[in-house]
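Engineer:
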Amino acid sequence: MSWDPQILVFACNWCSYGGADAAGVSRFQYPPDVQIVRVMCSGRVDPGFVLRAFNKGADGVLVTGCHLGDCHYQDGNYKAEKRVEMLYTLLGQLGIQSERLGLEWISAAEGQRFANVITDFVGKIRRLGPANGGEGP
Amino acid sequence: MSASSVLVIGGGIAGIQASLDLANAGAHVYLIEKAPFLGGRMAQLFKTFPTNDCSTCIEAPLIVEAHRHSNIDVLVDSEVMTVAGKAGDFKVKVLKKPKYVNDNCTSCGDCFDACPEAVPNEFDVGLKLRKAIYLPFPQAVPSTYTIDRDLCLNKGHLIACEKCLEACEVENCIDFEMKAEMLDLDVVSIIVACGGSVLDPRSLENYGYGKFENVITNMEFERLVSASGPTEGELIELEGMESPKRITFVLCAGSRDVNFQGYCSRVCCMNSIKEALLAKEHLKDVEITLLYMDIRSFGKGFEEYYNRAKEMGIKFVRGKASDVTKEEEHLVVRVENTEEGKIEDMETDMVVLAPPLLPAEHIGDLAKVLDIKLDDDGFFKMEQVNVLPLRGTKEGIFLCGVATGPKDIADSVAEASGAASGALSYAEKREHPIVDIPEKGGEGEPRIGVFVCHCGNNIAGVVDVEDVAGYAGELPNVVHSENTLFACADSTIEDIINTIREKDLNRIIVAACSPKTHGDLFMDALIEAGINPYLFEMSNIRNQCSWVHADEPERATEKSKTLIRMSVARANLAEPLIAETSSVTKSALIVGGGIAGLTAALDLNAQGIDVTLIEKQEELGGRLRELHKLSPEGIEASKLLTQKMKDLLKSNVNVMTSATLDDVKGYVGNFQVTIKSLEGVTTKDFGPIILAIGSDLYEPTEFGYEDYENVITNLELEKMMEEGPIEGKTISFIQCVGARNEEYPGCSRYCCETGIHQAAQVAEDNKVNFLYKDMRTFGKGAEENYKIASEKGVRFFRWTEQPEFDGNEVKVQDVFSDMTLALPTDLLVLSVAMRPNQETVEKLVEVLKVPLSEEGFLMEKHVKLGPVESSIAGVYLAGCVSGPKRLDESVSSASGAAAKAAALLSKDEILVSPIVAFVREDNCRWCARCSEVCPYSAIDIVEIEGGKVAWVNGAMCTGCGACVVECPTKAMILKGFKDEQIEAQIDAMMGELA
């Protein structure tokens, strides 16, 4: 039976959400296995959101934000980076492969990069198979 | 009463910034742009130095803001034809050319696909094609398509190609009957922000441009590496289409060149370094060489950027390329390597030229229309080059950006704000748009309306919109669902407003495109329908579904349903948000009475604003009091200062000398400032604060400054020159003393120019040696003075190893001759670095919590686009407080700071964004983690009955949400992005809808 992963992408209002828009404007194609949740800043992404997504059955979570140094709120992406690092450890302890969580910086002009990042991440999650240990590809 | 109007000529970044500053101060603006879109040259850039910020990302929000501002009328495709009258009462005629597409255009692009005619796109410097009907680039504003009638096949009745008209599904959109209009405008003042042009590189024959395909200009290179450019950011050779293995950048390709332009184009060193770094990012193994005469990395953070390029393995060769030839498959650049003293033939695959910036095309015509003068280089002439750099030669006309000479973005933006300050002094009538935001809509059970957009064929061509709208109608709380051809069309907006009223909807979801581009439009519709605009959600099914999953229509349809389900989850929990208001104290404080402080004070006084200026010394005037004759024209500093003091005496500025800042409490619009003076300690309220505290000069310990009497600083030389003639000596200058070293990497920006000016003066009667690292004479007239100094017999020596002085001789390892020379010296002059005004800066950090750069200067809000603002709202930066500046730059930034202060003071109260953090006091354990992570110092721990609690200052909070994540007890909430809302979205994505 075919299986499509469910992947949650957090995108910040100023950079990576703009990158997603730019990917659209330029028609850069990527797999439809992702859903974007817009936040004002990647620093708004609570580790609890990530855990909740996995708990509800998500197969992957990708946090995206402005390139380091470009944050609209000075250093929110550095905060996001720290939290994601903390989550890598925690996910391991919870028996969730840490590769299922990703962190990427994408500017509002990088439509192609947005599409590439999503394509790569979806590919990775597909190779890992379903998070709940169910039927793989 | 309607507001006084100001005319802004030019819709590049300078014109946009000037317009925003004027409009935010309550003036009305006509922003005239010749091209069909706003953004100018900055929109073409991929990245900006020295932060590698994405250019579009930082410029686009300003473009959109200017276009949507109710105080700004944007007139694209327009030109100023005549100007009559005088300051305070100009009569202007503007010709507005037809676009042949009216505002009903939804920028769907169907016409573009249908159009049979194509030409190279100007925006991509001809590297990409456009049609006769086109949008220059995807982010263009206005986003209405435009028809190039020269190219269009439809020439009235002769040939009736109407393919675009047939393809267009919007009613009343393309209109071949549209006519040019002549508009009559009454304005009180004029700002010229016309930008410049670039030398046609074909005239640089010896560099082979036009002859060899792989000889390109820096702008062509910029488009090639741009993610949105013709190759989608893949760096390829134009001939051969492979990745280049070797790239050679040729700087000063026509600048500082007797055959083309004598002046320095100011931006090319940094721009080329940036492009070299971008090339390195694209192609790891590429070999890059920069051929330069002097690296002019004079701005804040520039030297560090240059150093990074060297560390990345980019090769810098000092010498001007003489010609480019082709041998078999590769190019050969001939250069005289002045460090090695030999002629080299360098093989390369790609040559990138940095041609000079020139005055705008037809600047002579515009000068005639405006009745103002041009300078010797053909740019607009400044009224006075040191202290009135933003005034044209006619009253009421102001200049900014490249209109007066080559300049980078940050300098242009500072000048634009400064020009706005000048123009505002004529704008007596001010008006701010009235915003009346309804509060209602959140009460009762959610009644959600969903509008699913076809976007012509853009969404409906892939996504089954009827299926999606049907699905949405079945979701809980959704009481209305429909699909519509164009959600953003005027008729649909009307429909949405009527449906809200008829069906008593209290939440609206539009499933269409991006909230970033269209959100405000629909939020305005909610306001018109009488419900709170924050009860609106957008599902971006175009950019995130149909456009990017074109080959998988079924899954794109399913994904659209999921996105709407997630929006419904969010909307269920949405609350009306009301922007709080905060009053403004109608008085400005200026800290520092040097030229920057005086300029800001007089600018604000000219607008009738109450100003207090405090100066810690007994006398006003700052550094200007210590200077003799000023570069480049040799005007006496005392003459300019006397004029300023006369103006001050005539003004109503409240001056306090021997006074210092002791404490600051409060926030934007409401600062309580404690001032210590000889009369004692007083506390006064101010709306804005302008920091014009100047800088210190480095006190040298090297070169025997402390031991030998014949070693003096450049400032001491000024005094000496003022006291009487210096004759019959051998004088040696050493540049970069205390700057551009390991401890302190930054360039001090002012000292090459002033050093050369001093050297040229004393060279008449003395023998002069000038020892420097890179000659950075980039200011107006400075390169010319460099030439004059050389003609007067000044001998130049270039060093990389620090020279030594024994009291009689300077020992220098001269790079040109590669010899160690001993130069007998009677008087050694050290050009010393500018350093932060340590004492005052420490105080500012303590009382205002302003962040500092690594070198200890105050940080700007944004190094490119916020040069005169600090990161603290209501606190503005004038002069050297934010880094070394030349005199005219200090003056421009001071006027810029004044414009920001004037905008704040023009309002009775300020609206605060409602997307802010909020404390659930019951949950708060006052651990203060929130206030520690807040980048804006917006959170304090305050005493309340029975304990303490975190308190958010809504006027300072920017809504990033960092504190919410940090709070261990979930006491912090971000309005509009509550935990519950995001969690509900996650659940809905996984299929659960509460």
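Protein chains in written order, with our numbering: chain A, 10 to 146; chain B, 658 to 1651. Every residue gets a Cβ at the ideal spot worked out from N, C-alpha and C, and that includes glycine.
1. Considering residue 56 (chain A), what are the terminal residues of the alpha helix (DSSP H) in which it resides?
2. Please classify residue 1208 (chain B): does DSSP put it in a helix, a strand, or coil?
3. Got a sec: which bits of the region 889-920 of chain B sit with their beta carbon under 8 Å from any beta carbon on chain A, in order along the chain?
4. Measuring only between beta-carbons, confirm whether residue 1212 (chain B) sits less than 8 Å from chain A.
5. Three-state secondary structure (DSSP) at residue 1317 (chain B)?
6. Could you give the DSSP three-state label for residue 1569 (chain B): helix, strand or coil?
7. Quick one: list the residues of chain A neighbouring residue 1208 (chain B), beta-carbon separation under 9 Å, in chain order.
8. Restricting to runs no shorter than 3 residues, where is the beta strand (DSSP E) found entirely within the region 1493-1538 of chain B?
9. So does residue 1644 (chain B) have its beta carbon nearer than 7 Å to some heavy atom of the ligand GDP?
10. Please list, in chain order, the chain B residues whose beta carbon lies closer than 8 Å to that of residue 108 (chain A).
11. Does any residue of chain A have a CB that is nearer than 8 Å to the CB of residue 1523 (chain B)?
12. Using 8 Å as the threshold, is the C-beta distance between residue 1246 (chain B) and residue 1305 (chain B) below it?
13. DSSP puts residue 47 (chain A) in a beta bridge; with which residues?
14. Checking contacts by CB at 8 Å: is residue 1634 (chain B) closer than that to chain A?
15. Mind checking whether residue 784 (chain B) and residue 719 (chain B) have CB atoms under 8 Å apart?
16. Do you know how far the Cα of residue 15 (chain A) is from the Cα of residue 145 (chain A)?
17. Let me see if you follow: with CB-CB separation under 8 Å, is residue 143 (chain A) close to chain B or not?
18. Could you give the distance in angstroms between the alpha-carbon of residue 845 (chain B) and the alpha-carbon of residue 1084 (chain B)?
19. Does any residue of chain A have a CB that is nearer than 8 Å to the CB of residue 1644 (chain B)?
20. Determine, using beta carbons only, whether residue 84 (chain A) comes closer than 8 Å to chain B.
21. Which residues in the same chain have their Cβ closer than 7 Å to the Cβ of residue 716 (chain B), if we skip the five residues on either side of it in sequence?
22. Between the Cα of residue 1217 (chain B) and those of B:748, B:1529 and B:1119, spot the shortest distance and give me the residue it belongs to.
23. List the whole-angstrom C-beta distance separating residue 737 (chain B) from residue 758 (chain B), where the pair is believed to meet the contact cut-off of C-beta under 8 Å.
24. Closer than 8 Å, CB to CB, is residue 1232 (chain B) near chain A or not?
25. May I ask you to report which of helix, strand or coil DSSP gives residue 806 (chain B)?
26. Buried or exposed for residue 707 (chain B), going by 16 or more other Cβ atoms inside 10 Å?
27. Straight-line CA distance for residue 1369 (chain B) to residue 955 (chain B)?
28. Beta-carbon within less than 6 Å of residue 1359 (chain B)'s beta-carbon, same chain only, minus the 5 sequence neighbours each way: which residues are those?
29. If you draw a straight line from the C-alpha of residue 1018 (chain B) to the C-alpha of residue 1073 (chain B), how long is it?
30. Measure the C-alpha to C-alpha separation of residue 886 (chain B) and residue 76 (chain A) and round it to an integer number of angstroms.
31. Taking the beta strand (DSSP E) that residue 1348 (chain B) belongs to, which residues open and close that run?
32. Determine the closest residue to residue 1297 (chain B) out of B:1355, B:1058 and B:1045, with distance taken between C-alpha atoms.
33. How big is the Cα-Cα spacing for residue 726 (chain B) and residue 799 (chain B)?
34. Please work out which residues of its chain come closer than 6 Å, Cβ to Cβ, to residue 46 (chain A), disregarding the five sequence neighbours upstream and downstream, and give them in chain order.
35. Taking only beta-carbon atoms, is residue 1625 (chain B) less than 8 Å away from chain A?
36. Are residue 1288 (chain B) and residue 1410 (chain B) close, meaning C-beta to C-beta below 8 Å?
Structural biologist: With the given structure in hand:
1. 56-64
2. coil
3. The region 889-920 of chain B vs chain A, Cβ under 8 Å: 889 and 890.
4. yes
5. Per DSSP, reduced to three states, the secondary structure at residue 1317 (chain B) is strand.
6. coil
7. 38
8. 1532-1534
9. Among the ligands in the structure shown, none appear at all, so the ligand GDP cannot be discussed.
10. Residues of chain B passing the Cβ test: none, with the nearest at roughly 20 Å.
11. no
12. Going by C-beta atoms, residue 1246 (chain B) is not nearer than 8 Å to residue 1305 (chain B).
13. A:20
14. yes
15. no
16. Reliability of the predicted coordinates at residue 145 (chain A) is poor, the pLDDT of 37 falling under 50, and the value obtained from them is presented with this limitation in mind. Roughly 13 Å separates the two Cα atoms.
17. Because the pLDDT of residue 143 (chain A) is 46, which lies under 50, any placement of that residue in the model is unreliable, and the number read from its coordinates should be weighed accordingly. Among the CB atoms of chain B, none fall inside 8 Å of the CB of residue 143 (chain A).
18. So the two alpha carbons sit approximately 6 Å from each other.
19. It does: the Cβ of residue 1644 (chain B) has a partner Cβ on chain A nearer than 8 Å.
20. yes
21. These residues qualify, in order along the chain: 670, 696, 699 and 700.
22. For residue 1217 (chain B), the nearest C-alpha among the options comes from B:1119.
23. That belief does not hold up - the Cβ atoms of residue 737 (chain B) and residue 758 (chain B) are roughly 23 Å apart, past 8 Å.
24. no
25. coil
26. buried
27. 24 Å
28. none
29. 20 Å
30. 20 Å
31. It spans 1346-1348 - the beta strand (DSSP E) in which residue 1348 (chain B) sits, taken as one unbroken run.
32. B:1045
33. 13 Å
34. 19
35. no
36. yes
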